[in-house]
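To start, the structure itself, in C-alpha cells.
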Ligand code: BES
Ligand code: MN
Ligand code: ZN
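Numbering (my numbering), first residue to last: -4 to 508.
Structure (C-alpha cells):
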C-alpha cells in the first residue's frame, strides 16, 4: 500500500548522477559545510536562481533547479528551514516530510542532512562530530518525516493516470556527518513509522473489507513482532457478560470481537500500561440512524483501535522496555430487526445497567466493557483509551487538538508534554459531578447520553469514567484528529494514524527503563 522508499544513511559524497539532490538552508540563505560541498561549483548558480525567484530560505519555501550546471543530478531542491535556532525535533520531521513531497515518484534521491550552526537548535542533542550542522538525531528525524510523508493508500485504484509513470521503488540516501549514530537513532523511529502507517491502513480500509472479524484477524500480524495476541469471540464475550458491547453489535450480520495484544518487554510481573481503543468498524448510528451526507466517513470510527494496534506494533518492533497491553472492542453498529432500540436496558460487564437513549452513542457502550475488562484482568498502571467518540469535540477543538479527559493530573501533564513534542496535540477538558449527574437515568443506573447537546463530549467522558474506578485513566476523544484532519507535511492521506507517535513518546519518556 504505502510506497515507502528505501532509506539509507551514507557519508557525504557526490549525489548519484541522474537523481535528485536536496539541500537545506537557513533564512539567511546560508548552507552548512556539507551542503556547500554537495553544491560545489553550482553554488553560484543557486545564488543567482534564489535572487531571480525571490527565494528567501524561510520555513516552507523551496527552490527548484532542473539540470543544474556543475552538478550531475537531474534535479536540485533547496529547501528553506527558516531560523535555525528555533527548530524543534518536530520541525526536522516536517522538513523531512517537505523534502519527500518534492521527490519524483521513482528514482534515486540524495538528501544532505546539514544546516549551518544547528548546534544552537533548541532540543538538539549533543553532537559527536564537531562540524556537522545537523546532528544524528535530527538526520533521523528527517528520515522519519520522509517515511510518514511517503504513505499513500491506493490499494483500490486499478487505473493509472495517463501521465503517471509506473512507480518504481524509490531510494533515498541521507548524507550525514555521523552515519553510525544516525542509523542507530533511526531504528526506533522506523519502528514508530511502521506503527503509524499500519494504523493509517486500517483506518483507510473500506468497511466491507475491514469488519470486526477481519480487523481482529489483522492483529495477529503483531505476533511476528513478538506480541501475544488473543481474540475473544462471541462465546467468550457472552461468558464475560459484556452486554453493553454486544448490544451495539447485535444489529449487525457481522460478529463482534475483542482483541488483546500484549507486549512484555519490561520487568517480569510489573503491572502493564494499558491502551484501549474504540473499534466501531462502521457506525450507521443504528436505529437512531445518521443522515446520509458524509456517512461514509464512519468507516473511520475504528481509528482509536487502529492507533492501539499501531502503537503495540511500534513498541514491539523497537523492543520497548515496558509491559504494555492493547485491548480493542470491535463491532459494527447497524439498524436491523435485531438491533437494539432506544429504551432498551443493557447490563454491562461491571454489573451496572445502562438505558439506551440514542443508539448512535455506541462508542461509550463498547468502551465501558473493554475498560472494565482491562482494569479487572490486567490491573494496569494506567489506562489510556482512544476513541472517535463525539462530533462535539470537533466543534470544541477542531482538527488541531484531541480532547483529553482524565482523573489523573500527572498522566495528563505527561500526555500534554508528549503531544507538544510530537505535534499530536491534546487539550485537557473538564470532568465534574454536575456533568456526571446528567447521565443518571430514571430506569437504570445510567443512560448513554446526557439528553441534550450541552457538553456532549464531557457527558460521554463522564460515562466512561464510571467504568474505570480508581485506576489512573485518560480518555482521548480523537473524532477530529483520527481522520480527515489537517493535511500536513507528514501526511496527505485521509487517515492520520494519530496517537501512535504521541503514546510511543509517552512510553519512551516516562515509563521505560
Ligand atoms: N462516531 C461518532 C462520533 C463522530 C462524529 C466521529 C464525527 C467522527 C466524526 C459517535 O458514535 C456518535 O455518533 N456520537 C454522537 C453522540 C450523540 C448521539 C450523543 C454525536 O457525536 O453526535
Ligand atoms: Mn455513533
Ligand atoms: Zn461512533
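Ideal Cβ positions, reconstructed from N, Cα and C, are used throughout, including at glycine.
>> Is it buried or exposed, residue 62, if we count other Cβ atoms within 10 angstroms and call 16 or more buried?
In response: exposed
> In chain order, which continuous runs of the beta strand (DSSP E) of length 3 or greater are located wholly inside the segment 163 to 235?
Replying inline: 165 to 170 and 223 to 227
> So, using beta-carbon positions, are residue 279 and residue 256 closer together than 8 Å?
Replying inline: no
>> So, with DSSP's three-state summary, where would you put residue 508?
In response: coil
> Whose C-beta lies closer than 6 Å to the C-beta of residue 181 among residues of the same chain, with five residues either side of it excluded?
Replying inline: 135 and 138
> Does the Cβ of residue 315 have 16 or more other Cβ atoms within 10 Å, making it buried, or fewer, making it exposed?
Replying inline: buried
> Is the Cβ-Cβ distance between residue 401 and residue 195 less than 8 Å?
Replying inline: no
> Quick one: what's got a C-beta closer than 8 Å to residue 126's C-beta in the same chain, skipping five residues either side?
Replying inline: In this predicted model, residue 126 has a pLDDT of only 47, less than 50, meaning its place in the structure is not dependable enough to derive any value.
>> Rounding to the nearest angstrom, what Cα-Cα distance links residue 464 and residue 359 in this structure?
In response: Cα-Cα distance, rounded: 16 Å.
> Based on Cα-Cα distance, which residue from 105, 460 and 19 lies nearest to residue 129?
Replying inline: 19
>> I need the boundaries of the alpha helix (DSSP H) containing residue 430, first residue and last residue.
In response: 428 to 432
> Three-state secondary structure (DSSP) at residue 109?
Replying inline: coil
> Around the ligand MN, which residues pass a check of Cβ closer than 6 Å to any of its heavy atoms?
Replying inline: Taking a cut-off of 6 Å from the heavy atoms of the ligand MN, the residues with a C-beta inside it are 278, 280, 355 and 357.
>> Check for me: the alpha helix (DSSP H) holding residue 43 runs from which residue to which?
In response: If you look at residue 43, you'll find it in the alpha helix (DSSP H) that goes 38 to 48.
>> Using C-beta distances below 7 Å, list every residue in its chain close to residue 45, excluding the 5 sequence neighbours before and after it, in chain order.
In response: 24 and 58
> Comparing the CB of residue 383 with every heavy atom of the ligand ZN, is any distance shorter than 7 Å?
Replying inline: yes
> In whole angstroms, what separates the C-alpha of residue 435 from that of residue 238?
Replying inline: 19 Å
>> Restricting to Cα atoms, I'd like to know which of 450, 362 and 468 is closest to residue 509.
In response: No answer is possible for residue 509: the residues shown for the chain start at -4 and end at 508.
> Between residue 115 and residue 152, what straight-line distance do the alpha-carbon atoms span, to the nearest angstrom?
Replying inline: With a pLDDT of 45 at residue 115, under the threshold of 50, the predicted position of this residue should be treated as unreliable, though the coordinate-derived value follows. The straight-line gap from Cα to Cα measures roughly 46 Å.
>> Pop quiz: residue 246 and residue 331 are said to be a contact at Cβ under 8 Å. What is the actual Cβ separation, rounded to whole angstroms?
In response: 4 Å
> Going by C-alpha distance, which of 386, 179, 365 and 96 is nearest residue 380?
Replying inline: 365
> Given that a residue counts as buried once 16 or more other Cβ atoms are within 10 Å of its Cβ, and exposed if not, what is residue 405?
Replying inline: exposed
>> For the ligand BES, is there any heavy atom lying closer than 7 Å to the beta carbon of residue 380?
In response: no
>> Given 7 Å as the limit, tell me if residue 296 has its C-beta closer than that to any heavy atom belonging to the ligand ZN.
In response: yes
> Within the present structure, is the beta-carbon of residue 275 separated from the nearest heavy atom of the ligand ZN by less than 7 Å?
Replying inline: yes
> Hey, is residue 389 close to the ligand BES, as in C-beta under 7 Å from one of its heavy atoms?
Replying inline: yes
> So who's on the other strand from residue 271, going by DSSP bridges?
Replying inline: Per DSSP, 322 and 380.
>> Within a Cβ cutoff of 8 Å, which residues of the same chain sit near residue 282, ignoring the five residues on either side of it in sequence?
In response: 246, 330, 334, 335, 336, 337 and 354
> Under the three-state reduction of DSSP, which class applies to residue 462: helix, strand or coil?
Replying inline: coil
> Between 305, 38 and 251, which lies nearest to residue 222 when the distance is taken from Cα to Cα?
Replying inline: 305
>> Here's a check: name, in chain order, each residue in its chain whose Cβ is nearer than 7 Å to the Cβ of residue 214, leaving out the five neighbours to either side.
In response: 224, 254, 256 and 304
> From residue 362 to residue 4, what distance separates their C-alpha atoms?
Replying inline: The C-alpha of residue 4 is placed about 43 Å away from the C-alpha of residue 362.
> Sorry if obvious, but does the Cβ on residue 141 come closer than 7 Å to a heavy atom of the ligand BES?
Replying inline: no
>> Measuring alpha carbon to alpha carbon, tell me which residue in 48, 78, 186 and 438 is nearest residue 112.
In response: Comparing Cα-Cα distances from residue 112 to each of 48, 78, 186 and 438, the minimum goes to 78.
>> Our contact map puts residue 250 next to residue 200 with C-beta atoms below 8 Å; I'd like the distance itself, whole angstroms only.
In response: Residue 250 to residue 200, Cβ: 18 Å. No contact.
>> Bridge partners for residue 133 per DSSP, in chain order?
In response: Residue 133 is not bridged to any residue.
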